[in-house]
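Just so you know, the numbering used here puts the end of the sequence shown at 411, numbered straight through with nothing missing.
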Amino acid sequence: MTDTLIKVDLTQSPTENEMIHNRWHPDIPMACWVNPGDDFILETFDWTGGFIQNNDSADDVRDIDLSTVHYLSGPVGVKGAEPGDLLVVDLLDIGAKQDSLWGFNGFFSKKNGGGFLTDHFPEAQKSIWDFKGMFTSSRHVPGVNFAGLIHPGLIGCLPDKPMLDTWNKREIDFIATDPERVPGLANPPFAATAHMGKMTGEARAKAAAEGARTVPPREHGGNCDIKDLSRGSKVFFPVYVDGAGLSVGDLHFSQGDGEITFCGAIEMAGWVHMKVSLIKGGMAKYGIKNPIFKPSPITPSYNDYLIFEGISVDEAGKQYYLDVHIAYRQACLNAIEYLKKFGYSGAQAYSILGTAPVQGHISGVVDVPNACATLWLPTQIFDFDINPNAAGPTKMIDGSIDMPLSHDLR
Ligand code: ZN
């Protein structure tokens with residue numbers, strides 16, 4: 002039987018579990034050690050450590066303290082791993098915990114986190130998704146049902162001290178260019194809510210004050226939120242410290258490309274069965290700076306799409322130069338307007354784009370001045386035909402059900 006090296010109790014606070022941490026720092030002690038070639042299971046909290054509840058209120062999404070996230074399981078030490086190696090991680094399987102067969106999706110309030118379309122959806126909203134085997138549906142978003150493409154939103158190895166210092170300097174310098182911005186440009190270290198695994202005493206206090214936040218993807222991988230890094234994938238991670246220090250968390254049952262709703266995909270607590278091995282000196286041998294990976298042999302086979310185009314001209318008509326962020330936003334807004342014609346609220350449509358196996362593509366980045374991005378909406382996830390035809394759209398969703406919304410009180 003495969004050993005479960007890290008266990009989580011969903012009735013307990015993640016801060017009481019020494020094998021959990023929520024900052025990146027090279028001095029965080031290994032939670033456990035394995036040998037190259039070993040396979041093992043790590044359980045994880047959902048990224049908020051259980052703060053978001055399975056209910057019909059978005060108050061928790063509105064009120065969450067985002068300095069507490071993400072709660073990661075690890076770091077796992079791999080014997081013999083040295084800086085410059087590649088840590089090869091086979092994601093053999095991933096699942097939800099049996100006592101927690103549900104997940105959440107939401108939009109943060111613009112005043113507390115925001116998101117990709119925060120100017121259009123400035124207040125907190127939430128949808129709950131139930132899992133039936135490999136499929137999911139939501140009592141808050143009727144008319145869709147799809148297979149999960151289960152993946153860790155966040156996985157990577159510990160940075161060394163020079164890399165940590167580089168991250169902190171560049172992000173703090175960046176915040177200084179517009180310190181009053183809402184939401185903020187980045188998140189600096191914040192000791193008060195740091196959970197540093199097994200660390201204690203003065204060493205802990207020092208590391209907590211400089212530990213990097215887990216929000217952005219960085220050179221080591223981290224919070225990449227790549228839906229295709231799913232169960233069955235093989236990932237090659239750069240190693241920076243002796244033992245590598247692999248941590249994982251933020252499991253998603255499913256997500257659309259971009260994780261545009263930010264809170265977040267379909268977020269869940271669960272477990273990862275993985276196997277590790279090493280390629281000695283692999284970073285230099287293959288010229289690797291950021292992780293690379295091989296996809297899963299198993300993915301949901303939705304093969305019919307309605308594809309929405311967007312260009313780098315914003316909602317106010319302002320021209321941007323080859324900006325794929327603006328172009329993808331327009332493609333998403335175009336898809337939301339289209340889905341509203343079938344009776345969905347804007348929030349429900351936005352939630353579908355954040356949760357379903359929606360593809361996002363950078364289609365053109367040379368035809369000045371406009372970049373072109375496309376959003377691929379799988380048609381087979383809907384209970385009804387969403388294709389355009391001469392008769393026009395039929396209102397299939399009656400509007401009696403919507404996603405809980407919480408007005409911002411602050
Ligand atoms: Zn997530």
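Here a beta-carbon is modelled for each residue, glycine too, at the ideal position from N, C-alpha and C.
Where residue i sits in the DSSP three-state scheme
| i | result |
| --- | --- |
| glutamate 338 | helix |
| phenylalanine 175 | helix |
| asparagine 415 | The requested residue 415 is not part of the displayed model; the chain covers only 2 to 411. |
| methionine 397 | coil |
| glutamine 419 | Summary: the structure shown does not reach residue 419, with the chain confined to residues 2 through 411, and so no result is reported for it. |
| glycine 114 | coil |
| tryptophan 62 | One point to set straight first is that residue 62 is valine, not tryptophan, in the sequence displayed. Correct three-state label for valine 62: helix. |
| tyrosine 306 | strand |
| serine 68 | helix |
| proline 163 | helix |
| histidine 152 | strand |
| valine 314 | strand |
| alanine 97 | strand |
| threonine 12 | coil |
Residue j beta carbon less than 8 angstroms from that of residue i
| i | j | result |
| --- | --- | --- |
| aspartate 403 | arginine 63 | no |
| isoleucine 21 | histidine 152 | no |
| serine 407 | aspartate 60 | yes |
| proline 370 | leucine 159 | no |
| proline 1 | phenylalanine 132 | Outside the displayed span of the chain (2 to 411) sits residue 1, for which this structure offers no information. |
| leucine 6 | isoleucine 42 | yes |
With 16 other Cβ atoms within 10 Å as the buried cut-off, status of residue i
| i | result |
| --- | --- |
| threonine 262 | buried |
| tyrosine 72 | buried |
| tryptophan 168 | buried |
| tyrosine 329 | buried |
| arginine 182 | exposed |
| valine 325 | buried |
| glutamine 99 | exposed |
| arginine 140 | exposed |
| methionine 2 | exposed |
| glutamate 260 | buried |
N-terminal and C-terminal residue of the alpha helix (DSSP H) that residue i is part of
| i | result |
| --- | --- |
| threonine 137 | Segment 136-139 is the beta strand (DSSP E) holding threonine 137; no alpha helix (DSSP H) there. |
| valine 145 | Here valine 145 belongs to no alpha helix (DSSP H); instead the beta strand (DSSP E) covers 142-148. |
| glycine 202 | 202-211 |
Limits of the beta strand (DSSP E) - the one that residue i falls within
| i | result |
| --- | --- |
| leucine 73 | 73-79 |
| methionine 284 | Here methionine 284 belongs to no beta strand (DSSP E); instead the alpha helix (DSSP H) covers 283-287. |
| isoleucine 267 | 263-269 |
| threonine 356 | Note, threonine 356: premise wrong, no beta strand (DSSP E); alpha helix (DSSP H) at 347-356. |
| alanine 187 | First-last for alanine 187: undefined, no H or E at that position. |
| tryptophan 377 | 373-379 |
Cutoff 8 angstroms: residue i Cβ touching any chain B Cβ
| i | result |
| --- | --- |
| proline 394 | The structure shown contains no chain B; it holds only a single protein chain. |
Task: Any 3 or more C-beta pairs closer than 8 angstroms across the stretch 371-386 and the stretch 308-324 - done: yes
Task: At least 3 beta-carbon pairs within less than 8 angstroms: the stretch 278-289 vs the stretch 356-371 - done: no
Task: Three CB pairs or more closer than 8 angstroms across the stretch 342-351 and the stretch 391-403 - done: yes
- [ ] Assess, as a yes-or-no matter, whether the stretch 72-84 is touched by the stretch 234-242 under the definition of 3 or more beta carbon pairs within less than 8 angstroms.
- [x] yes
Open item on the list: Would the stretch 38-56 count as touching the stretch 96-112 if we require 3 or more Cβ pairs under 8 angstroms?
Closed with: yes
TODO: Could you tell me whether the stretch 219-235 touches the stretch 290-301, where touching means 3 or more Cβ pairs closer than 8 angstroms?
DONE: yes
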